[in-house]
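Mapped onto the numbering used here, the consecutive letters of the sequence shown carry residue numbers 92 to 423.
Yeah, the Cβ is synthetic: ideal placement off N, Cα and C, and Gly gets one too.
The model shown is predicted, which means the values in this text are computed figures rather than measured ones.
This report refers to the structure that appears directly beneath it.
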Amino acid sequence: MNKKLWVILVCLSISIGLLLGGLASASQLEDVRLSEVVRSVFYAPHYAAIEKGFFAEEGINIILETAWGADKGAAALISGSVDIGFFGPEAALYIYQHGATDAIVGFAQLTARDGSFFMARDLNEEFRWENVKGKTIVGARKGGVPQMVLEWVLKQNGIQPFVDVNIITNLAFEAAVGAYQAGVGDYIAQFEPAMSQVEQLGGGKIVASLGEEAGPITYTVYHVRRRTLQERPDLLIGFTRAIIRGQQWVHENTAETIAAVVTPYFPDIALEILAKTIERYKSINAWPLNPILSEEEFMNLQKVMIEAGELERIIPFEELMDNTIVLQALDS
92 MNKKLWVILV
102 CLSISIGLLL
112 GGLASASQLE
122 DVRLSEVVRS
132 VFYAPHYAAI
142 EKGFFAEEGI
152 NIILETAWGA
162 DKGAAALISG
172 SVDIGFFGPE
182 AALYIYQHGA
192 TDAIVGFAQL
202 TARDGSFFMA
212 RDLNEEFRWE
222 NVKGKTIVGA
232 RKGGVPQMVL
242 EWVLKQNGIQ
252 PFVDVNIITN
262 LAFEAAVGAY
272 QAGVGDYIAQ
282 FEPAMSQVEQ
292 LGGGKIVASL
302 GEEAGPITYT
312 VYHVRRRTLQ
322 ERPDLLIGFT
332 RAIIRGQQWV
342 HENTAETIAA
352 VVTPYFPDIA
362 LEILAKTIER
372 YKSINAWPLN
382 PILSEEEFMN
392 LQKVMIEAGE
402 LERIIPFEEL
412 MDNTIVLQAL
422 DS
């Protein structure tokens, strides 16, 4: 056989073998249907864990969908249309409060404070919280944690929501920024990267972090149906190990490096803006080093909810949160 032809055939055989091996490995991954509450840079450690292959190394293929609301994410989880729901624990508290005491449970936490930033339309404003009196804020959905945190921060600064200041709460999450850009409101509370984009266009300036103002609370949590804890512990431990690696990787790398990795999830956002928003979240310690759920921070959340009139009483931590999976993941 011609030597050149032999080399080509060998190389072709190796390439086919590698391709088939890759396909075989991919087929061995277990699909996990995950519903995220919204698409936000706030969840960068999760996207990084997917893109860096941490889930794949645990034998997991993440099928990601966006619910656009904690209520919708919780409904998808309870119905069984997804395996894991990633949303604020206020949804679990509401469900428990209405009598479904054994429906869902949180097993790992990604973010430990509110991810909203507060923007003023007036670029020349020397911002103080008292400035909002008599003005209009584009807020969030009534009953959602972003709105309740906004109300909490206002009260902590001597401002009575809906009395001293008008707050718009009937806009869909994805429509709020567009309404603000169209001239609605004097201020807006919203997640990144939308705020940095508006700021870059000269539509306002970020003047405060609601997460920094309110302090640590249990914020965005991975939930499952309670029986899944008993039926699929190995899967959840592997899932949580990937989350831990994502959190640690984000802590160890620069905003620019993180932005380059998570950019597929934000195709319309410039890398410069992504890096800027990631640095903002790093600066307020939005991402803990591990996903252990804090009882103190869970109680802080409930205080905010009770103050907002959305929760009737304190619900014990162990009723809705369970660190069993996280502790096993950290120990393995």
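To test your reading of the DSSP string, which unbroken alpha helix (DSSP H) runs of 4 or more residues are found completely within the stretch 342-376? 346-353, 362-374
Where the alpha helix (DSSP H) through Arg219 begins and ends: Counting along the chain, Arg219 falls outside any alpha helix (DSSP H), and DSSP gives it neither H nor E.
Buried or exposed by the 16-neighbour rule on C-beta atoms within 10 Å, applied to Pro284: buried
Over what stretch of residues does the alpha helix (DSSP H) that includes Phe282 continue unbroken? Counting along the chain, Phe282 falls outside any alpha helix (DSSP H), though it belongs to the beta strand (DSSP E) covering 278-282.
Can you tell me where the alpha helix (DSSP H) holding Asn414 begins and where it ends? It is not in any alpha helix (DSSP H) - Asn414 carries neither H nor E in the DSSP assignment.
Heavy atom of the ligand PLP within 7 Å of Leu120 beta-carbon: The ligand PLP is absent from the structure shown, which contains no ligand whatsoever.
Segment contact flag, the stretch 225-233 with the stretch 279-295, C-beta cutoff 8 Å, min 3 pairs: yes
Cα separation between Ser116 and Glu149? With a pLDDT of 49 at Ser116, under the threshold of 50, the predicted position of this residue should be treated as unreliable, though the coordinate-derived value follows. When rounded, the distance between both Cα atoms is 12 Å.
Round the Cβ separation of Val298 and Phe218 to the nearest angstrom and send it over; I've been treating them as touching at under 8 Å. 4 Å
Could you tell me whether the Cβ atoms of Ile416 and Leu201 are closer together than 8 Å? no
Would you say Ile452 and Glu388 are within 8 Å of each other, going by their C-beta atoms? The displayed coordinates of the chain run from 92 to 423. Any statement about residue 452 would go beyond what the structure contains.
Thinking just about the alpha-carbon of each residue, which of Pro324, Pro382, Val315, Tyr372 is nearest to the one in Arg336? Pro382
When the Cα of Ile175 is compared with those of Ala140, Ile154, Gly274, Lys224, which residue comes out closest? Ile154
Which word fits Lys367, buried or exposed, when buried means at least 16 other C-beta atoms lie within 10 angstroms of its C-beta? buried
Out of curiosity, what's the CA-to-CA distance linking Gly113 and Leu262? Summary for Gly113: the model assigns pLDDT 44, below 50, so the residue's position carries little reliability; its value from the coordinates is reported in the next sentence. Those two C-alpha atoms are separated by around 45 Å.
I'd like the list of long-range same chain contacts for Asp38, defined as Cβ closer than 7 Å, with 5 residues on each side in sequence excluded. Since the first residue of the chain shown is 92 and the last is 423, residue 38 is not available in this structure.
Out of Asp325, Thr157, Pro379, which one is the CA nearest neighbour of Arg124? Thr157
Mind checking Arg204: buried by the 16 CB within 10 Å criterion, or exposed? buried
Cβ distance (whole Å) where Gly197 is taken to contact Tyr313 below 8 Å: 7 Å
Measuring alpha carbon to alpha carbon, tell me which of Leu214, Gly274, Glu403, Ala420 ends up nearest Glu181. Glu403
N-terminal and C-terminal residue of the beta strand (DSSP E) that Val123 is part of: 121-127
Here's the rule: buried if 16 or more other CB atoms are within 10 angstroms of the residue's CB, otherwise exposed. What is Asn414? buried
Using CA coordinates, which residue listed in Val223, Ile141, Phe146 is at the minimum distance from Leu326? Phe146
Output needed for Glu401: all residues of its chain with C-beta closer than 6 Å, excluding positions within five of it in sequence on either side, in chain order. Gly234
Quick check on the burial criterion: 16 or more other C-beta atoms within 10 angstroms. Buried or exposed for Ala273? exposed
For the alpha helix (DSSP H) that Ile141 lies in, which residues bound it at each end? 135-142
Does the separation of the CB atoms of Ile364 and Gln288 fall below 8 Å? yes
Whole-angstrom distance between Ala194 and Val173, CA atom to CA atom: 14 Å
On the criterion of 16 or more Cβ atoms from any shown chain inside 10 Å, does Gly302 qualify as buried, or is it exposed? buried
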